[in-house]
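>
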């Protein structure tokens, strides 16, 4: 399974999506090894709901009484492939394209 999530919450949701697909398999093919994907068993088989993230709900499960849990799943706990370059791009005004010096000499077309 390809995991592209940056933070822990997104990875957990991807895992739950994968595990929900497993539930469609016949019971003979399901065994304990399939739960070893991340070591978590929080997706309830009969309820079809994840106890930690609330999958398949649209929003991630989160409560204010679980401060530590929020800290564990928040932005910055994963790789942040996109977010870590945003401050640098913000400083430069989110420029796109090639810098002026790298375009080569300017040509005159009006002669």
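Numbering (my numbering), first residue to last: -2 to 108.
Ideal Cβ positions, reconstructed from N, Cα and C, are used throughout, including at glycine.
Using 7 Å as the threshold, is the C-beta distance between residue 6 and residue 57 below it?
yes
> So residue 12 is in the alpha helix (DSSP H); what residue range does that whole segment cover?
It spans 5 to 19 - the alpha helix (DSSP H) in which residue 12 sits, taken as one unbroken run.
> If you compare alpha carbons, which of 55, 49, 44 is closest to residue 65?
With distances taken between Cα atoms, residue 65 lies closest to 49.
> Exposed or buried, residue 40, counting other C-beta atoms within 10 Å across all chains shown (16 or more means buried)?
buried
> In angstroms, rounded to a whole number, what distance separates the CA positions of residue 84 and residue 78?
13 Å
> What are the boundary residues of the alpha helix (DSSP H) that includes residue 84?
83 to 88
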